[in-house]
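Novice:
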Amino acid sequence: MTWKDSFEKGVTHFKRGQLLEALAHMNQAAELRSDSYVIYDSRAAVHEKLGNLKAALLDSKQVIDLAPDRWQGYARSARLFSELRKYNSAIKMADHALGRLRPDDAQRRTQLVELRELAVTTQAIAEEQRRSHISETSYLLGKLPVEILVEIFDVLVSDDNQLDMKAIPRLWTLAAYRDRHPSFWRTLRPIP
871 MTWKDSFEKG
881 VTHFKRGQLL
891 EALAHMNQAA
901 ELRSDSYVIY
911 DSRAAVHEKL
921 GNLKAALLDS
931 KQVIDLAPDR
941 WQGYARSARL
951 FSELRKYNSA
961 IKMADHALGR
971 LRPDDAQRRT
981 QLVELRELAV
991 TTQAIAEEQR
1001 RSHISETSYL
1011 LGKLPVEILV
1021 EIFDVLVSDD
1031 NQLDMKAIPR
1041 LWTLAAYRDR
1051 HPSFWRTLRP
1061 IP
C-alpha cells in the first residue's frame, strides 16, 4: 500500500466520523512519506476531533516546518492555542496565517480575523477574571469596615510610631480623611 492509498483511506474514515481508523491510516501515511505537510495537517485535524490537542499542535508544528509559506499550519495552531487557552500564541499564529493567505481568499481571511478577534476578546475576559479573582482573594483588608481599619491603625501607631503615606492605600486615606479620624492623621508624615 502506498502513502497515498493510506492517506485517502484516512480521509474517507475521517469524513465518516471513524476517527480512530482515520488516525491509524494517517499514521501509516506519515510513516511511508514523512515530508508531506498535507498528511500532517490531516492528521492534526483527526487529533483535534479526538480531543488530542497537544498531538494536534505537534502535527501543526510539523506542517509549519514542512511548509512555512502555507497558511494551514498557522491557522490550525491558532485554533489549537485558543482551545488550550494560550491566547498570545493563538493571536501570533493567526497573524502568521493572515500574512500567508492569498489576497483574493476573502472567506478564509474573514474566518481567521474572527478567530483572532475571538482570541483577543477571550484573552481580555480571562485576564479580567484573573484580576477579579486576585482582588477577591488577596485584598482582605479592603473588605474591612473603615472603623475597624482605623482601630488597627490606632494600634499600629499607639507607641508614637509614624507611618509613611505611601504605605497606606489611597482608598483608606480618602476614607480616613472623609470620616475625619484625627488619631490617624496625626501619625502620618508626608513623603518628600
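Counting in this note's numbering, the sequence shown runs without a single skipped number right up to 1062 at its last residue. The beta-carbon is built from N, C-alpha and C at its ideal position, and this holds for glycine as well.
1) For Arg946, which residues of its own chain have a beta-carbon under 6 Å away from its beta-carbon, when the five flanking residues on both sides are left out?
2) Using only alpha-carbon positions, find the residue among Ala925, Glu918, Gln981, Glu1021 that is nearest to Trp941.
3) Only counting the same chain, and skipping five residues up and downstream in sequence, which positions put a Cβ closer than 6 Å to that of Leu927?
4) Tell me which residues share the same chain as Tyr957 and place their Cβ nearer than 8 Å to its Cβ, disregarding the 5 neighbours each side in the sequence.
5) On the CB-based measure, 16 or more other CB atoms within 10 Å of its CB, does Leu890 come out buried or exposed?
6) Relative to the C-alpha of Glu918, which candidate in Val1020, Glu998, Gly943 has its C-alpha closest?
7) Along the alpha helix (DSSP H) that carries Gly1068, what are the first and last residues, could you check?
8) To which residues of the same chain is Glu876 closer than 7 Å at the C-beta, ignoring the five residues directly before and after it?
9) For a quick check, are the C-beta atoms of Ala948 and Ala967 less than 9 Å apart?
10) Write down every uninterrupted run of the alpha helix (DSSP H) in the region 878 to 912 whose length is 4 residues or greater and which is fully enclosed by it, in chain order.
11) Considering only residues of the same chain and omitting the five flanking positions on each side of Leu920, which have a CB-CB separation below 6 Å?
12) Check whether the Cβ atoms of Ala892 and Val881 sit closer than 9 Å, and answer yes or no.
13) Going along the chain, which residues of its own chain have a beta-carbon closer than 8 Å to the beta-carbon of Arg978, five neighbours each way excluded?
Specialist: Taking the coordinates as given:
1) Start at 1 with the first residue of the sequence shown, and residue 946 comes out as number 76. Ala914, Ser930, listed in sequence order.
2) Here the question's residue 941 lines up with position 71 in the sequence shown. The shortest C-alpha separation from Trp941 is found at Gln981.
3) In the sequence shown, residue 927 corresponds to position 57, counting from 1. For Leu927, where only same-chain residues beyond five positions count, the Cβ hits under 6 Å are Leu950.
4) Taking the sequence shown and counting its residues from 1, one reaches residue 957 at position 87. Phe951, Ala989, Val990, Thr992, Gln993, Ala996.
5) To locate residue 890, count along the sequence shown from 1; it is residue 20. So Leu890 counts as exposed.
6) Here residue 918 refers to the residue found at position 48 of the sequence shown. That would be Gly943, whose Cα lies nearest to the Cα of Glu918.
7) Shown here, the chain extends from 871 to 1062; a query on residue 1068 therefore has no answer.
8) Numbered from 1 along the sequence shown, position 6 holds the residue referred to as residue 876. Before going further, note that residue 876 is Ser rather than Glu in the sequence given. The answer, listed in chain order, is His895, Gln898, Ala899, Leu902.
9) The residue you call residue 948 lines up with position 78 of the sequence shown. The residue you call residue 967 lines up with position 97 of the sequence shown. Yes, the Cβ-Cβ distance between Ala948 and Ala967 is below 9 Å.
10) 889 to 902
11) Looking up residue 920 in the sequence shown gives position 50. The answer, listed in chain order, is Leu889.
12) Numbered from its first residue, the sequence shown carries residue 892 at position 22. Numbered from its first residue, the sequence shown carries residue 881 at position 11. Cβ atoms of Ala892 and Val881: closer than 9 Å.
13) As a first step, residue 978 is located in the sequence shown; it is residue number 108 there, counting from the start. Counting only Cβ-Cβ distances below 8 Å, and skipping sequence neighbours, we find Trp941, Ala945, Leu971.
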